[in-house]
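Quick note on numbering that gives the first Met the number 0: the sequence shown kicks off at 0 and runs consecutively. Take a look at the structure below.
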Amino acid sequence: MFKRIIPVALNPALDITLQVDGLSDERINTVLHEETDAAGKATNVSKALRRFGVENTALILAGRENADNYFRVLSYAPAEERISWHTVYNPGLIRENLHIIMPDGGLVTVRRMGFTADERALGEVYGYLERNTDAETLVMMCGRLPEGMGGAEFRELCGIVHKKGGKLAVDSASVTLEDLTAVRPWLIKPNLEELEQYTGRSYADSGEMRAELARFCREGIENVMLSLGGDGLIWYGGGECLKADVPEVREISPVGAGDSTLSGFIVGMQRGLALRESVRLAAAFGTAAVTLPGTKPPLKEDVAAIYGKVKVHPLAGG
Numbered sequence: 000m001f002k003r004i005i006p007v008a009l010n011p012a013l014d015i016t017l018q019v020d021g022l023s024d025e026r027i028n029t030v031l032h033e034e035t036d037a038a039g040k041a042t043n044v045s046k047a048l049r050r051f052g053v054e055n056t057a058l059i060l061a062g063r064e065n066a067d068n069y070f071r072v073l074s075y076a077p078a079e080e081r082i083s084w085h086t087v088y089n090p091g092l093i094r095e096n097l098h099i100i101m102p103d104g105g106l107v108t109v110r111r112m113g114f115t116a117d118e119r120a121l122g123e124v125y126g127y128l129e130r131n132t133d134a135e136t137l138v139m140m141c142g143r144l145p146e147g148m149g150g151a152e153f154r155e156l157c158g159i160v161h162k163k164g165g166k167l168a169v170d171s172a173s174v175t176l177e178d179l180t181a182v183r184p185w186l187i188k189p190n191l192e193e194l195e196q197y198t199g200r201s202y203a204d205s206g207e208m209r210a211e212l213a214r215f216c217r218e219g220i221e222n223v224m225l226s227l228g229g230d231g232l233i234w235y236g237g238g239e240c241l242k243a244d245v246p247e248v249r250e251i252s253p254v255g256a257g258d259s260t261l262s263g264f265i266v267g268m269q270r271g272l273a274l275r276e277s278v279r280l281a282a283a284f285g286t287a288a289v290t291l292p293g294t295k296p297p298l299k300e301d302v303a304a305i306y307g308k309v310k311v312h313p314l315a316g317g
């Protein structure tokens with residue numbers, strides 16, 4: 000479907016995930032397992048695509064002060080996760096996330112602030128996309144925007160993709176519904192929290208969610224994939240609405256599962272699967288991802304085992 004895929008990592012992160020025996024100020028707390036990942040949503044997507052045979056080149060805006068550490072972790076990845084990337088350097092630090100997983104599965108996250116994007120670096124990002132985007136390119140804007148970049152800069156970047164005839168996928172908690180309808184993406188992938196953030200309301204059931212996604216599409220967003228964690232996902236596009244119900248699994252870490260969900264859908268499309276099967280694969284990817292620590296992409300054998308257990312059906316109403 001796409002000859003070139005560019006996941007855009009404007010705000011990458013070093014993710015350090017610690018599984019602990021508890022968290023108490025009355026004793027020394029022990030780390031039972033530790034994972035360090037060169038992450039951020041776009042990098043996670045790039046790795047998942049690569050593991051499943053979909054070639055891509057990540058565009059990474061990197062804080063120069065700790066970029067060597069970030070790229071060293073990327074370079075040490077297993078061969079099937081070893082991605083290609085183009086780097087634009089920016090003064091400052093790549094942000095670091097410390098994820099602490101409690102014995103009961105609860106998650107505590109501590110985030111260190113990263114760099115502020117400067118005008119020169121953003122100009123290099125724009126230039127790279129201008130040179131490398133055409134009608135057979137998918138540009139994937141995934142993750143929060145860095146400090147120094149707001150809605151105006153986001154719209155400018157997306158405008159370059161449209162001008163060059165490319166398709167745009169967006170998965171970011173930093174943008175507004177007004178930003179999204181202005182740039183008219185091919186696909187967005189919010190989770191429920193982000194949907195509620197976009198609209199300023201909560202949802203009682205999947206019927207209400209379906210109606211909201213239909214409204215998004217009427218306002219210029221081509222397709223919406225709403226990830227719902229253990230409740231699966233809802234797809235809306237072209238007037239068709241599908242619900243994917245997923246099997247129950249033992250969750251280890253939900254971090255990065257939404258990135259895997261998006262990756263699974265793109266893998267399906269690149270393989271030429273029908274829409275329903277691409278939605279099924281997306282749900283299988285996201286469900287398999289939560290069974291692993293850190294932000295690692297799902298394993299092929301886990302996806303294969305879960306895929307047949309995902310139930311996809313039309314969702315009426317709205």
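Every residue gets a Cβ at the ideal spot worked out from N, C-alpha and C, and that includes glycine.
When DSSP labels each residue in this structure, what does residue i get in the three-state scheme?
{"i": "Pro81", "result": "Strictly speaking, residue 81 in this sequence is Arg, with Pro absent from that position. Residue state, collapsed to three classes: coil."}
{"i": "Gly91", "result": "coil"}
{"i": "Phe223", "result": "In the sequence under discussion, the amino acid at residue 223 is Val, which differs from the Phe named in the question. In the structure shown, Val223 sits in a strand (DSSP, three-state: E or B)."}
{"i": "Arg110", "result": "strand"}
{"i": "Val289", "result": "coil"}
{"i": "Ala203", "result": "coil"}
{"i": "Leu60", "result": "strand"}
{"i": "Thr175", "result": "coil"}
{"i": "Leu144", "result": "coil"}
{"i": "Thr86", "result": "strand"}
{"i": "Thr294", "result": "coil"}
{"i": "Ile251", "result": "coil"}
Would you mind stating whether residue i and residue j have Cβ atoms separated by less than 8 Å?
{"i": "Gly150", "j": "Phe114", "result": "no"}
{"i": "Pro102", "j": "Gly21", "result": "yes"}
{"i": "Pro246", "j": "Thr286", "result": "yes"}
{"i": "Arg94", "j": "Met112", "result": "yes"}
{"i": "Leu176", "j": "Tyr202", "result": "no"}
{"i": "Pro189", "j": "Ala168", "result": "no"}
{"i": "Val87", "j": "Leu97", "result": "no"}
{"i": "Gly257", "j": "Ser226", "result": "yes"}
{"i": "Asn89", "j": "Gly62", "result": "yes"}
{"i": "Ala120", "j": "Arg143", "result": "no"}
{"i": "Cys216", "j": "Asp170", "result": "no"}
{"i": "Ala243", "j": "Ala282", "result": "yes"}
Alpha carbon to alpha carbon, what distance is there between residue j and residue i?
{"i": "Ser259", "j": "Glu146", "result": "25 Å"}
{"i": "Asp178", "j": "Ile15", "result": "31 Å"}
{"i": "Glu276", "j": "Tyr306", "result": "9 Å"}
{"i": "Ile187", "j": "Ile265", "result": "12 Å"}
{"i": "Glu64", "j": "Phe70", "result": "12 Å"}
{"i": "Thr132", "j": "Val124", "result": "12 Å"}
{"i": "Ser74", "j": "Arg3", "result": "22 Å"}
{"i": "Val19", "j": "His32", "result": "7 Å"}
{"i": "Asn55", "j": "Asp301", "result": "23 Å"}
{"i": "Leu17", "j": "Thr294", "result": "12 Å"}
{"i": "Glu80", "j": "Asn10", "result": "20 Å"}
{"i": "Gly164", "j": "Glu34", "result": "39 Å"}
{"i": "Ile233", "j": "Glu25", "result": "44 Å"}
Identify every residue that forms a DSSP beta bridge with residue i.
{"i": "Arg3", "result": "Thr136"}
{"i": "Ile233", "result": "Leu225 and Lys242"}
{"i": "Thr16", "result": "Glu34 and His98"}
{"i": "His312", "result": "Lys242"}
{"i": "Asp170", "result": "Cys141"}
{"i": "Thr115", "result": "Glu146"}
Looking at C-alpha atoms only, which residue of the options is the closest neighbour of residue i?
{"i": "Leu280", "options": "Gly263, Leu212 and Gly271", "result": "Gly263"}
{"i": "Lys310", "options": "Ser173, Leu241, Leu144 and Ile27", "result": "Leu241"}
{"i": "Val182", "options": "Leu17, Gly62 and His161", "result": "His161"}
{"i": "Ala37", "options": "Asn68, Arg143, Ser252 and Glu135", "result": "Asn68"}
{"i": "Val7", "options": "Glu135, Leu48 and Met139", "result": "Met139"}
{"i": "Gly105", "options": "Ala315, Pro297, Pro292 and Ala303", "result": "Pro292"}
{"i": "Ala47", "options": "Pro296, Ala315, Ala304 and Ala303", "result": "Pro296"}
{"i": "Leu261", "options": "Val248, Val278, Gly122 and Glu193", "result": "Val278"}
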